[in-house]
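Visitor: To convert, note that position 339 of the sequence shown is 441 in the numbering used here; the numbers rise steadily by one, no gaps.
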Amino acid sequence: MKLIVEHDVFTEAVTWVARTIPNRPAIPVLAGLKIQASQNGIVSLSSRDSDISSHVDIEADVLTAGDVLINGRLLADICRALPRKPIELTLEGTKLDIECGSSHFSMKTMASEDFTEGGEMPPVVGTVDGAQWLEAISQVTIAASNDDTLPLLVSVCIEINGDSLALMATDRYRLAVRELTWKPADTTISQRILVRASRLLDIAKALGSAGPIDISLSDSLIGFAAGGKQNTVQLIDGEYPQVLSLFPSESAGYMVMDRADMLDAIKRSRLVVEKNAAVRLSFTEGEVTIEAGQGDQAQASEALAAEVVGEDLKMAFNPIFLQEGFSVMAGEKIRLSVTHPTKPAVMTAEKDGESIDDFRLLLMPVRTFGSN
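See below:
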């Protein structure tokens with residue numbers, strides 16, 4: 103195999119594919135990145151882990167067709183360090199020679215026969231706007247659990263009904279639901295699938311938001327493709343609970359706050375929050391007071407303007423959950439709808455006096471000493 107390729111094109115492709123390679127591969131071959139050069143000038147790069155695969159095609163001047171498996175993370179490091187000049191790759195026996203300007207590297211190859219690529223891309227079932235998809239995944243995945251012993255809770259449930267998608271995630275203390283539209287290949291499609299939240303977020307970030315994303319689906323895989331890049335991820339088995347029923351059917355009142363001001367105040371309050379302690383919110387007419395810390399320890403208190411509809415109320419929340427909620431909300435104003443100090447509250451964006459319900463975040467309050 104011998105080829106010449108533009109530095110930026112190759113480096114970007116190698117870096118993108120190498121991100122799938124696990125930090126501590128369960129088996130040595132998973133550290134590999136496969137390069138396949140075809141006589142038609144197309145060079146394919148691919149890598150995989152146990153449940154995810156990445157694939158990208160680029161153009162190059164292929165002098166001799168062939169393929170090689172190489173340590174992907176090392177190759178990415180080398181490419182990023184090379185001068186911005188054309189890169190020449192030459193396979194000689196069990197060595198891959200890399201030449202770029204006056205720089206020369208030689209890498210030992212890996213046994214390519216031991217490497218099997220991820221599953222074939224399933225049939226395309228629809229297309230979603232890249233920017234909207236990235237925003238939706240970023241919002242929902244904050245509520246997914248990090249406990250690997252609970253496969254349902256580390257996943258995002260994707261519910262497909264015709265031209266609408268609903269993404270759901272919960273860790274039992276909060277529940278995030280985002281609804282969006284897409285362009286299905288078949289408007290009668292109706293399906294519910296589970297995908298690991300961390301994989302969804304990594305892929306959404308890696309594919310970017312600069313265009314449409316094709317979504318592919320089979321019984322065991324979901325695939326994403328955009329700009330010549332492809333990812334597949336294994337689906338998680340299981341029946342996701344009907345979590346939408348957890349949202350209250352009505353509220354006793356609500357509060358409207360400035361998102362940026364609240365976010366800054368919560369970050370400041372966390373400076374004095376001890377482990378597992380809550381941040382307390384007190385709502386009175388025209389004002390919300392954020393308090394943290396107690397007893398002889400450091401304390402913080404800050405009052406901000408807020409529109410309060412309903413009776414005065416005091417609630418306490420996990421400060422991390424509260425901060426993440428305000429961080430992913432879209433818009434300048436945020437509405438917190440409540441029913442009771444010890445029952446779940448629902449966070450949504452607000453615009454022109456109306457609640458925007460395409461993204462809803464349900465938060466369980468924390469019971470503190472003196473709670474009603």
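Idealized CB from N, CA, C, for every residue including glycine.
Go through its chain and collect everything with a Cβ distance to D163's Cβ below 8 Å, but skip five positions before and after it.
Guide: Same-chain partners within the cutoff: L105, I106, V107 and G143.
Visitor: Classify R126 as helix, strand or coil using the three-state DSSP reduction.
Guide: R126: coil per DSSP, three-state reduction.
Visitor: Classify D273: buried if its beta carbon has 16 or more other beta carbons within 10 angstroms, exposed otherwise.
Guide: D273 should be labelled buried.
Visitor: Could you say which of G313, D321, A183 and D316 lies nearest to L296 if we only look at CA atoms?
Guide: Comparing Cα positions, the closest option is D321.
Visitor: Tell me where the alpha helix (DSSP H) around P421 begins and ends.
Guide: That run of the alpha helix (DSSP H) goes P421 to V430.
Visitor: Would you verify that the beta carbon of G310 is, or is not, closer than 8 Å to some beta carbon of chain D?
Guide: Given the protein chain composition of this structure (a single chain), no chain D is represented.
Visitor: Does the distance from the CB of A278 to the CB of Q241 come in under 8 Å?
Guide: Yes, they are a contact pair.
Visitor: Counting only runs of 4+ residues fully inside the stretch 282-308, write out the alpha helix (DSSP H) ranges in chain order.
Guide: Listed in chain order, there is nothing to give.
Visitor: Just curious, the beta strand (DSSP E) that D414 is in, first and last residue?
Guide: It is not in any beta strand (DSSP E) - D414 carries neither H nor E in the DSSP assignment.
Visitor: Here's a check: name, in chain order, each residue in its chain whose Cβ is nearer than 6 Å to the Cβ of F461, leaving out the five neighbours to either side.
Guide: Q241 and R280, listed in sequence order.
Visitor: In angstroms with no decimal places, state the Cα-to-Cα distance between I422 and V448.
Guide: In a straight line, the C-alpha of I422 is about 16 Å away from that of V448.
Visitor: Mapping the DSSP letters down to three states, classify S214 as helix, strand or coil.
Guide: Note: S214 maps to helix in three-state DSSP.
Visitor: Could you give the residue range of the beta strand (DSSP E) that holds L267?
Guide: That run of the beta strand (DSSP E) goes S266 to T272.
Visitor: Which residue from A246, K187, D216 and V227 puts its Cα closest to that of I291?
Guide: Residue V227 is the option with its Cα nearest to I291.
Visitor: If you measure between the beta carbons of M417 and Y275, is that distance less than 8 Å?
Guide: Not in contact: M417 and Y275 (Cβ atoms no closer than 8 Å).
Visitor: Let me check one thing: in DSSP terms, what residues is I160 bridge-paired to?
Guide: Note: I160 sits in a beta bridge opposite V145.
Visitor: Measure from the alpha carbon of L303 to the alpha carbon of each residue in A402, L191 and A233, then state which is nearest.
Guide: Of the listed residues, the one whose Cα sits closest to L303 is A233.
Visitor: For Q399, write down the residues that DSSP places opposite it in a beta bridge.
Guide: In the DSSP output, where bridge partners are listed per residue, Q399 has none listed.
Visitor: Report buried or exposed for K136, applying the criterion of at least 16 other Cβ atoms within 10 angstroms of its Cβ.
Guide: It is buried - the Cβ of K136 has at least 16 other Cβ atoms within 10 Å.
Visitor: In the structure shown, what three-state DSSP assignment does F349 receive?
Guide: F349: coil per DSSP, three-state reduction.
Visitor: What separation, rounded to the nearest whole angstrom, lies between the Cα atoms of K285 and G264?
Guide: C-alpha separation (whole angstroms): 9 Å.
Visitor: Any chance you could list the alpha helix (DSSP H) runs of at least 4 consecutive residues sitting entirely within the stretch 163-233, in chain order?
Guide: Runs of the alpha helix (DSSP H) inside the stretch 163-233: 174-183.
Visitor: To the nearest angstrom, how far is it from the Cα of Q141 to the Cα of E201?
Guide: When rounded, the distance between both Cα atoms is 21 Å.
Visitor: For R294, which residues of its own chain have a beta-carbon under 7 Å away from its beta-carbon, when the five flanking residues on both sides are left out?
Guide: Contacts found: C259, E261 and Y342.
Visitor: Taking only the alpha-carbon atoms, compute the straight-line gap between V119 and L236 and give it to the nearest angstrom.
Guide: Each residue's Cα considered, the two are about 19 Å apart.
Visitor: Measure from the alpha carbon of L252 to the alpha carbon of each residue in L184, L424, I338 and E190, then state which is nearest.
Guide: Nearest C-alpha to L252: I338.
Visitor: Under a Cβ-count criterion, where at least 16 other Cβ atoms within 10 Å of its own Cβ denotes burial, should E215 be classed as buried or exposed?
Guide: E215 should be labelled exposed.
Visitor: Is R361 closer than 8 Å to Q425 when the C-beta atoms are compared?
Guide: Contact: no.
Visitor: Using the three-state DSSP reduction, which class does A238 fall into: helix, strand or coil?
Guide: Helix.
Visitor: For M431 and M209, I'd like the C-alpha separation in whole angstroms.
Guide: Their backbone Cα atoms lie some 47 Å apart in a straight line.
Visitor: Taking Cβ positions, are A327 and D316 nearer each other than 8 Å?
Guide: Their beta carbons are under 8 Å apart, which means A327 touches D316 by this criterion.
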